[in-house]
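Below: one structure, written as structure tokens.
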Ligand code: APR
Ligand code: PHB
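In my numbering, the protein residues as written are 767 to 1179.
Now the structure itself:
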């Protein structure tokens, strides 16, 4: 890969502008855009994906990797679940560590059998991209100067440049799957949109290493030194995170310093089991809660990170993106097949209800597990007392488990 899959042969030339028409123009080839493309293709809806980066760049981004049942089902529905079932790791619980001791949240027992799948977002994106390519569906990579127009009319358009050539796509709808820094949300007049945001006063320093995971399930650790997370990608590849001040520089974290600090945040058994090795990726990511309301602007819809960001503590980002896309694909199908506006009109409200539930959980779990220096020693004590309550109360533990495994697709309906 690495080259653009060029757009449709059905161009009409307009002096310097190549024109084409599709039913849906999807901006962004991250997990949201690719999954939407796949679901639409299965319903016979013609879509073009326009992505500003190269395929390799898109796959190079390392992000969380815990899939809820709803997301697994969607990947199956999209016809890309085969490798996930083969290589993904099914987890029936996770550990919460505080005051130097680990306590298991038994997801299966607390939620009537629900589990999660540990399968990296990179792999999800790769499976979706490969399926799209195999089906001969069109994606324009390395598109420059992408812009969206006239989405408040019945004839929206998208413009972009590739190799110095100007292209224009006429479409019925635009799907803004272009992430937090995308062009779609930025193109909405400020009076038509409300943004809610909380930026946390710390980041996550992540390390990926080809070492066996310290534990067969995930460990979320509350320590007076700050939060730590032990995650994994496979039996031989681990993913670890440390809460660090936003002022920390990546260069000042050698691999050795990372492992030393991680050990100090773990319990004695985990400390002894930890296998260390050279990092194959290391990065610092800020934490943010962010929601855009509404998620529809005339004939343009936002989905995934373009509309909302959660701090990664609850691993909800990809799952929320997947359910937005499911609702959007359903709404578009209803429009094209049944000539009904109902799905489209209900899209924003339907997504946002679910989004706010996941935002609340992610904020709460982040607040519970991280060190907030401004809250002092008493803040740490409050957290430990709450954790003690949660793990010793069926109701408390069930609440954590229910939120972690996620809501049913049609919750509350
Ligand atoms: N034009 C075209 N493409 C764009 C533009 C633009 N102006 N701006 C951004 N993009 C592309 C990005 O390069 C990226 O490939 O849109 C894509 C958005 O992908 P993601 O950021 O991965 O967002 P999304 O697909 O919604 O995935 C959500 O990512 O951050 C995690 O936790 C989140 O797991 C969740 C998932
Ligand atoms: C990850 O494996 O990257 C991961 C897992 C769980 C989280 C966040 C990140 O809550």
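In this text, a Cβ means the ideal position worked out from N, Cα and C, and glycines have one as well.
- In summary, residue 988 is buried, with 16 or more beta-carbon neighbours lying within 10 Å of its beta-carbon over all protein chains present.
- In this structure residue 1015 is exposed. Its beta-carbon is surrounded by fewer than 16 other beta-carbon atoms within 10 angstroms.
- The count of Cβ pairs closer than 8 Å, one atom from the region 900 to 912 and one from the region 1018 to 1027, stays below three, leaving the stretches out of contact.
- With contacts defined by Cβ atoms closer than 8 Å, residue 903 and residue 1064 do not form a contacting pair.
- The bridge partners DSSP lists for residue 1045 are 975.
- About 6 Å separates the beta carbon of residue 914 from that of residue 950, a gap short enough to meet the 8 Å contact definition.
- Partner residues in the beta bridge of residue 986, as assigned by DSSP, are 862, 995.
- Assigned with DSSP and collapsed to three states, residue 1121 falls in helix.
- For a cut-off of 8 Å, the C-beta gap from residue 1088 to residue 801 is around 6 Å, short enough to register as a contact.
- Taking each of 1028, 1029, 1004, 921 in turn and checking the Cα distance to residue 790, the smallest one comes out for 921.
- Cβ contact annotation for residue 825 (same chain, cutoff 7 Å, sequence separation greater than five): 888, 891, 892, in chain order.
- In this structure, the straight-line span from the alpha carbon of residue 945 to that of residue 794 is close to 7 Å.
- According to the DSSP secondary-structure assignment, residue 970 is paired through a beta bridge with 1009, 1051.
- Separation of residue 1116 and residue 1168 (C-alpha to C-alpha, rounded to the nearest whole angstrom) is 20 Å.
- The region 1026 to 1043 makes no contact with the region 1055 to 1062: fewer than 3 CB pairs, one atom from each, lie closer than 8 Å.
- Pairing residue 783 with residue 928, the inter-Cα distance amounts to about 11 Å.
- Per DSSP, reduced to three states, the secondary structure at residue 812 is coil, with no helix or strand assignment.
- In the DSSP assignment, residue 900 falls within the alpha helix (DSSP H) that extends over 887 to 900.
- Here residue 1153 is near residue 862, since their CB atoms are less than 8 Å apart.
- Burial state of residue 1045 is buried, judged by a 10 Å Cβ sphere holding 16 or more other Cβ atoms.
- Residue 909 carries a coil assignment under DSSP once its states are collapsed to helix, strand and coil.
- Distance between residue 820 and residue 799, taken at the CA atoms: about 14 Å.
- Your pair residue 1099 and residue 1067 does not check out as a contact, with CB atoms roughly 13 Å apart and the cut at 8 Å.
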